[in-house]
Amino acid sequence: MFLTISTTGTPERPATDLGFLLHKHPDKAQAFSTSYGKAHVVYPEASVERCTAALLLEVDAVALVRRGKGKGRGGAPDAALAQYVNDRPYAASSLLAVALSSVFSSAMKGTCQAKPDLPARPLPLRVEVPALPARGGADLVRALFEPLGWTVGAEPVALDTEFPEWGDSRYVSLVLEGEQRLADALRHLYVLLPVLDDAKHYWVSSDEVDKLLRAGEGWLPEHPEQKLITSRYLSRRWSLTRQAMERLELVRLAETDDSAVEEIDNAVDEQTDTEEKPVPLAVQRRDAIVGALKATDAARVLDLGCGQGQLVQELLKDTRFTEIVGVDVSMRALTIASRRLKLERMGERQSERVKLVQGSLAYTDKRLKGYDAAVLSEVIEHLDLPRLPALEYAVFGSARPRTVIVTTPNVEYNVRWETLPAGHVRHGDHRFEWTREEFRGWAGTVAERHGYDVQFVPVGPDDPEVGPPTQMAVFTVSTQNTKDQSTKDQSTKDQSTKDQSTKDQSTKDQSTKDQSTKDRNAKDQNTKEEKAA
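In this text, residue positions in the sequence shown follow this note's numbering: the first is 2, and each later residue adds one.
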């Protein structure tokens, strides 16, 4: 993907001031990591009379395909058109828009520390995008940019120059010229590139409304194509579009009345606003774990890989959990957990309920036996795959609690986070992250091997296409396995009773025999004494 921004200047106002505005030195070639590849900034020309900055986005097409499943991030229909060979990586789209906002963030905000008065000055700008997808053709391109003061050149790109009878593609070669502040020009491109493409490479959530209003400040409320821009930018999600339109109308009314938005939108006192804030995923995960433990009536709980003790702290709030043991291999983590829990200042009754011990989950530990439940929250992904069987046996084979709860990231959901770079896991220490199918396969095998039943519970928003951000498996000892164990215990008890009965009978018979012998001896002795007399 390729875009250039050019300007002209004079000795009094050199064109190289563009470098100050973009915060990128004209004498350097710079590279920046983005969500789907690497962005390069270079200056093909930089003189007093003319300066051109070029943004080249080098897209990782393999990651684009592998991470794009269905709609959403990387999931536009064309992204999977021909898997690894298609035109999408080379056409301007929301990928380029996100790169613009990332690489030129200070320029978009209109800040320049070196020359503070420069951002407010209109410049003679020329913007060129050689390949721009435009669902609506050149007419729509002009309808979007001309009301903003641009002179628009939009030449359709032929499907194949060797076969002109095939007609034009849906791409245009775009040239924009006009006197604009650089910040305004970048914000126009940031909003309108994905609007023309009518697709985004990431999941559109409610925070996109705020992004649209920030980038559209000063021009979007009065734009004649406001409704189309809003709808396409928000991926035609009606609830978000309606929310954005209502807020834009409020801005328009405020400008008409020459008032601040807050003065018009004053029906609700901010201090008494009861709108709920989004619950962090870590909190949702802990709530799900505590709920699952309550459902199993567990009282004595192991937190395996307890880290800094957040779950232990949550469990201590509920008196039904009479014994909570946090286990971690890291002594530093246990020290932090101890400080978090304030163990040194904890009352005697409360301190009797909690214990922190150091231990490795790769080895069997007799201290872990006999508990009602064990929790492995965001633990297994920190182990190398060859070490998982050792953890499996230590927990399910040796310790063998009645219930085991395992949570781990769902790698399919990663596409919903725009800021997560392509091919990266959520945490630098994660050795792997599983899809829902991979996690279910592993959990099913473990359950079958060790005599457990397993159920799967989504944690966080359950996206209809990529599932929840966290997947949770709840293992419980199989009812058949419990029945077999009960039968075995009863059989052992019956055999013990039988053995005891046999032993008692033998003892009784021996006692009777001994008494008979004693009586006979006494009789013989009496007979002997009578004869002697």
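All C-beta atoms in this analysis are idealised placements derived from N, C-alpha and C, irrespective of residue type, glycine included.
None of these values were measured; they are calculated from a predicted model.
- Here VAL196 is not near VAL173, since their CB atoms are 8 Å or more apart.
- Taking each of GLN314, THR5, LYS29, SER352 in turn and checking the Cα distance to ILE337, the smallest one comes out for GLN314.
- As the crow flies, the alpha-carbon of GLU449 is around 34 Å from that of LYS318.
- Within the region 161–239, the complete alpha helix (DSSP H) segments at least 4 residues long are 183–198, 208–216, 227–234, listed from N- to C-terminus.
- About 7 Å separates the beta carbon of ARG403 from that of THR477, a gap short enough to meet the 8 Å contact definition.
- Annotation for LEU126: the continuous beta strand (DSSP E) segment containing it runs 124–134.
- Counted as a single uninterrupted DSSP element, the alpha helix (DSSP H) harbouring ASP288 occupies residues 282–296.
- Segment contact: the region 24–38 against the region 97–105, three or more CB-CB distances shorter than 8 Å; contact assigned.
- LEU193 places its beta carbon less than 8 Å from that of PHE146.
- Counting C-beta atoms within 10 angstroms of its own C-beta, SER236 has 16 or more neighbours from the protein chains shown and is therefore classed as buried.
- Residue range 389–393 is occupied by the alpha helix (DSSP H) that includes PRO390.
- DSSP, read as helix, strand or coil, puts PRO465 in coil.
- Excluding sequence positions up to five before and after GLY10, its CB lies within less than 8 Å of the CB of ALA16, THR17, ASP18, VAL49, GLU50, ARG51, CYS52, all in the same chain and listed in chain order.
- Scanning its chain for C-beta atoms nearer than 7 Å, with the 5 sequence neighbours on each side dropped, one finds around PHE105 the residues LEU23, LEU187, in chain order.
- One alpha carbon belongs to LYS201, the other to GLU349, and they sit about 57 Å apart.
- Boundaries for GLU50: no beta strand (DSSP E) harbours it, and the DSSP string shows neither H nor E there.
- The way I'd put it, the region 403–414 does touch the region 465–477; three or more beta-carbon pairs between them come closer than 8 Å.
- VAL396 and LEU362 do touch by the CB rule: their CB atoms are close to 7 Å apart, below 8 Å.
- For SER94, the three-state secondary structure derived from DSSP is coil.
- In this structure, GLY306 lies away from ASP288, with their beta-carbon atoms at least 8 Å apart.
- Among the bridge pairs identified by DSSP, VAL302 is matched with ILE325, ALA374.
- Take LEU316, set aside five residues on each side of it, and the residues of its chain with a beta-carbon closer than 8 Å to its own are VAL291, LEU294, VAL302, ASP304, PHE322, ILE325, in chain order.
- Remark: C-beta atoms of GLY327 and LEU357 approach each other more closely than 8 Å.
- The residue from LEU175, GLY452, LYS370 with its alpha-carbon nearest to that of SER94 is LEU175.
- The Cβ-Cβ distance between GLY219 and GLY179 does not fall below 8 Å.
- Annotation for GLU349: the continuous alpha helix (DSSP H) segment containing it runs 349–352.
- Between the beta-carbon of SER378 and that of ARG286 there is about 7 Å, and that keeps the pair under the 8 Å contact cut.
- PHE397 carries a helical assignment under DSSP once its states are collapsed to helix, strand and coil.
- Distances from the alpha-carbon of THR152 to those of PRO125, GLU434, GLU439, PRO134 put PRO125 closest.
- Taking every protein chain shown into account, the CB of MET332 has fewer than 16 other CB atoms within 10 angstroms, so this residue is exposed.
- For THR446, the enclosing alpha helix (DSSP H) covers residues 437–451.
- Counting of Cβ neighbours within 10 angstroms places GLU353 among the exposed residues, the total staying below 16.
- Assigned with DSSP and collapsed to three states, ALA121 falls in coil, not helix or strand.
- In this structure, DSSP gives THR336 a helical state, which the three-state scheme calls helix.
- Taking C-alpha positions only, GLN359 is separated from LEU344 by approximately 16 Å.
- In the three-state scheme derived from DSSP, where H, G and I count as helix and E and B as strand, MET109 is classed as helix.
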